[in-house]
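What follows is a set of notes on a single structure, which appears directly below.
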Amino acid sequence: MKKYDVTALGELLIDFTENGQSQQGNPVFEANPGGAPCNVLAMLAKLGHKTAFIGKVGNDFFGKQLKEAITEVGIDAEGLCTDNKIRTTLAMVHTLSDGDRDFSFYRDPGADMMLTQDEIREDIILDSKIFHFGTLSMTHEGVRNATKKALQIAKDAGAIISFDPNLRFPLWDTSEDARAQTLYGLDYCDILKISDNELSWLTGEEDYTAGVHWINEKFDIPLILVSMGKNGSRAYYHGKMTEVEAFIQPDTVETTGAGDTFCACVLHYVLEHGLNKLSEDELHEMLVFANAAASIITTRKGALRVMPEIEEIQELMKPGQKS
Numbered sequence: 004m005k006k007y008d009v010t011a012l013g014e015l016l017i018d019f020t021e022n023g024q025s026q027q028g029n030p031v032f033e034a035n036p037g038g039a040p041c042n043v044l045a046m047l048a049k050l051g052h053k054t055a056f057i058g059k060v061g062n063d064f065f066g067k068q069l070k071e072a073i074t075e076v077g078i079d080a081e082g083l084c085t086d087n088k089i090r091t092t093l094a095m096v097h098t099l100s101d102g103d104r105d106f107s108f109y110r111d112p113g114a115d116m117m118l119t120q121d122e123i124r125e126d127i128i129l130d131s132k133i134f135h136f137g138t139l140s141m142t143h144e145g146v147r148n149a150t151k152k153a154l155q156i157a158k159d160a161g162a163i164i165s166f167d168p169n170l171r172f173p174l175w176d177t178s179e180d181a182r183a184q185t186l187y188g189l190d191y192c193d194i195l196k197i198s199d200n201e202l203s204w205l206t207g208e209e210d211y212t213a214g215v216h217w218i219n220e221k222f223d224i225p226l227i228l229v230s231m232g233k234n235g236s237r238a239y240y241h242g243k244m245t246e247v248e249a250f251i252q253p254d255t256v257e258t259t260g261a262g263d264t265f266c267a268c269v270l271h272y273v274l275e276h277g278l279n280k281l282s283e284d285e286l287h288e289m290l291v292f293a294n295a296a297a298s299i300i301t302t303r304k305g306a307l308r309v310m311p312e313i314e315e316i317q318e319l320m321k322p323g324q325k326s
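Sequence positions in the sequence shown follow our numbering and run 4 to 326.
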């Protein structure tokens, strides 16, 4: 028996999300705890799983706030390191008219990119069923080497490896570097969650099935999930494709954390049913649950502290509830 269901490595940061205007007409930003890997873990913890995080924050006000936040939602913070010189990474989240968002990062440097190989908690990874990561921990050499060390530990231990590229292009020196590290991640993972625009960028294919075929020709990835925003999601599994439409919320405020919530629900399903011999009905059930949870988070500011309860998700999934 493993102590942790899922351990994730990567960025833990403050998402400054727009929240109205001041009396002087200036934009007001709310300091929400964020970072894709911990958003995933927060949803998994909400679903009753044991989770742990490996990463780095600054020894400052925001770093302390983040450690308190992840501990509060049930994420084990033993693998969280503190940097005494570099400040906690910040992101300004600009909400667009359709609820989508644009990011401006304060991360040159930021504490999350200062994680070193020596700071990787091998014992935590060895005691985990699933290891989850993205590409923000691969943008710079030091944290990239730390990520690769953690990946190798997880691989050698037989953990299921989950990968969400979650590409943020302004953080990369070149698109070629982003592509190379994304391909590196594909070579390790058993579960890939990738957005529609990332899939088209990586493969050059506008047709998503053609894009997945491009990946499958080069890599052995049993389960590939394609998130398509308002158009729903797809699961590609051993030559089968299952597609489920989205739950459209009339009161969507922003989409931050929707993909992370979706990814967490997929990992939840894999933890309960395994990764082998999933039927088309099971894939459909998995996507419906993940789509419903992702739609709920779009009605809330932030993500990590406001993940939906399982009862909310099940209520939305009832017949006649889908908008």
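Note that beta-carbon positions come from the ideal geometry of N, C-alpha and C, so glycine has one too. For clarity, every value in this text was computed on a predicted model and none was experimentally measured.
Taking the C-beta atoms as reference points, Phe32 is found no nearer than 8 Å to Leu93. Rounded to the nearest angstrom, the gap between the Cα atoms of Ser25 and Ala34 is 15 Å. DSSP lists Val229 as the bridge partner or partners of Ile197. Assigned with DSSP and collapsed to three states, Ser282 falls in coil, not helix or strand. Across the set Asn279, Ala306, Leu12 and Val273, the C-alpha of Leu12 shows the shortest separation from the C-alpha of Arg124. DSSP places Asn219 in the uninterrupted alpha helix (DSSP H) bounded by Tyr211 to Lys221.
Remark: three or more beta-carbon pairs, one from each stretch, lie closer than 8 Å, so the segment 257–269 and the segment 38–56 are flagged as touching.
For Tyr272, the enclosing alpha helix (DSSP H) covers residues Ala261 to His276. Going by DSSP, Ser236 is part of the beta strand (DSSP E) stretching over Ser236 to Tyr240. Within the same chain, Cβ atoms closer than 6 Å to the Cβ of Asn169 are found at Ala39 and Gly137, the five residues on either side in sequence being excluded. Contact between the segment 257–264 and the segment 296–305 is present: 3 or more CB-CB pairs across the two stretches fall below 8 Å. Going by DSSP, Glu21 is part of the beta strand (DSSP E) stretching over Leu16 to Gln24. Each residue's CA atom was taken as its position, placing Asp180 and Lys5 some 35 Å apart. Non-local beta-carbon contacts of Gly188 in its own chain, meaning distances under 6 Å to residues more than five positions away in sequence, involve Phe166 in chain order. Contact between the segment 81–90 and the segment 111–128 is present, with at least three C-beta pairs closer than 8 Å.
Its chain contains no residue whose beta carbon lies nearer than 7 Å to that of Lys321 once the 5 sequence neighbours on both sides are disregarded. Contact between Trp217 and Glu208 holds: their C-beta atoms lie close to 6 Å from each other, under 8 Å. Close CB contacts of Leu174 within its chain, under the 7 Å cut and outside five residues either way in sequence, are with Phe108, Arg110, Leu139 and Thr142 (chain order). Going by C-alpha positions, Leu205 is about 10 Å away from Val215. Comparing alpha-carbon positions, the option among Gly77, Pro36 and Gly61 lying closest to Gly51 turns out to be Gly77.
Separation of Val9 and Lys132 (C-alpha to C-alpha, rounded to the nearest whole angstrom) is 6 Å. A direct Cα-Cα distance of roughly 7 Å separates Leu202 from Tyr211. With fewer than 16 other beta carbons inside 10 angstroms of its own, Asp105 counts as exposed.
Gly61 counts as buried, since at least 16 other C-beta atoms from the protein chains shown sit within 10 angstroms of its C-beta. In the structure shown, Ile164 adopts extended strand secondary structure according to DSSP, grouped into three states. For Val31, the enclosing beta strand (DSSP E) has its first and last residue at Pro30 to Gly37.
Rounded to whole angstroms, the separation of the alpha carbons of Asp159 and Thr258 is 36 Å.
Spatial neighbours of Ile17 in its own chain (CB-CB distance under 8 Å, excluding positions within 5 residues in sequence) are listed in chain order as Ala34, Asn35, Pro36, Gly37, Phe65, Gln68, Leu69, Thr91, Thr92, Leu93 and Ala94.
Just so you know, the alpha carbons of Leu129 and Glu71 end up roughly 25 Å apart.
Across the structure, Leu228 and Thr54 are spaced so that their CA atoms are roughly 22 Å apart. With a 10 Å radius around the Cβ and a threshold of 16 neighbouring Cβ atoms, Gln155 comes out exposed. Sixteen is the threshold: when 16 or more other Cβ atoms of the shown chains lie within 10 Å of the Cβ of Gly305, as they do, the residue is buried. Taking 8 Å as the upper bound for CB-CB distance, Ala238 and Leu286 are in contact here, some 5 Å apart. Ser131: member of the beta strand (DSSP E) spanning Ser131 to Phe136, first to last residue. From the listed residues Glu246, His241, Ser178 and Tyr272, the smallest Cα separation to Asn234 is found for Glu246.
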